[in-house]
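Quick notes on the structure that follows.
Numbering (the working numbering), first residue to last: 199 to 486.
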């Protein structure tokens with residue numbers, strides 16, 4: 199027993215020596231991942247809380263560079279070139295700094311992503327800086343928050359704390375990239391998976407404002423290519439009928455619709471095709 203008691207003390211002391219107390223960080227780290235068009239965005243930052251403190255004009259002074267969070271500088275990453283405030287920015291990782299003001303904020307993207315806070319911030323490494331208005335909202339935020347929203351081919355970045363909401367847009371090259379791909383597959387006979395021509399045409403139709411007045415000419419060529427490469431299928435017929443309806447081509451729409459019906463009746467390609475036949479006939483009748 200005399201030997202066991204000292205051994206117990208040794209083991210107990212080792213246990214206390216290795217013990218750890220875990221408590222939450224004052225500002226929890228956060229990471230946002232969002233696909234906008236063909237561009238992947240990521241933002242890493244830390245979220246300070248208000249905790250009954252004076253934030254803007256106090257903890258976060260006006261007219262001074264702020265890390266836009268706490269601890270390390272906030273970082274924003276995108277894997278495709280983007281445009282911010284009419285400035286073309288290469289893909290990569292940048293620090294996101296701001297200068298809060300009572301009426302407007304300055305948004306800054308900087309090349310140095312190694313900084314703790316803004317203590318060694320160097321304006322010579324700025325990639326872009328511009329002003330946006332300071333706006334308020336009815337939603338209260340106890341902790342600082344960054345949000346990315348999807349606006350077709352644009353990312354809407356929101357900086358939110360208390361009732362404040364600072365917004366700015368980052369434009370992607372989604373439409374430009376898709377247009378280049380569309381012209382490429384129109385010109386060349388690529389061995390694409392079935393439906394890719396139609397999928398591209400359908401995307402352009404639903405986002406026509408981004409492709410200019412020639413968008414219908416592009417989608418028409420895509421569907422013609424789809425029929426040439428893939429032959430008949432219900433997806434190609436549906437898109438062709440959509441194009442003809444937009445063109446207000448009644449005769450062409452009626453012929454394409456009857457061709458679609460004949461294809462469905464002959465091939466019976468899926469369960470419930472009869473319902474689609476009935477709907478197409480109603481569409482033809484409604485136009486007449």
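From the three backbone atoms N, C-alpha and C, an ideal C-beta is built for every residue, glycine too.
Asked	Found
Entirely enclosed alpha helix (DSSP H) segments - the region 314–397, minimum 4 residues	372–385
Where the alpha helix (DSSP H) containing residue 263 begins and where it ends	From DSSP, residue 263 is part of no alpha helix (DSSP H); its letter is neither H nor E.
Distance, residue 315 Cα to residue 335 Cα	27 Å
Under 8 Å between C-beta atoms of residue 416 and residue 425	no
Which residues DSSP lists as bridging residue 273, in chain order	242 and 293
Exposure of residue 255, with buried meaning 16 or more beta-carbon neighbours within 10 Å	exposed
Pair within 8 Å by beta-carbon distance, residue 441 and residue 421	yes
Straight-line Cα distance separating residue 434 from residue 447	17 Å
Contact check, residue 241 vs residue 344, beta carbons under 8 Å	yes
Touch test, the region 344–361 against the region 313–329, Cβ-Cβ under 8 Å, three pairs minimum	no
Straight-line gap, residue 253 to residue 419 (C-alpha atoms, nearest Å)	57 Å
Best match in 456, 246 and 294 for proximity to residue 339 [C-alpha to C-alpha]	246
N- and C-terminal bounds of the alpha helix (DSSP H) containing residue 452	448–465
When 468, 465, 466 and 474 are compared against residue 455, the one with the closest alpha-carbon	474
At least three beta-carbon pairs within less than 8 Å, the region 377–384 to the region 351–368	no
Simplified DSSP state of residue 228, which is helix, strand or coil	strand
CB contact flag (residue 317, residue 272, <8 Å)	no
Residue environment, residue 476, which counts as buried when at least 16 other CB atoms sit within 10 Å	exposed
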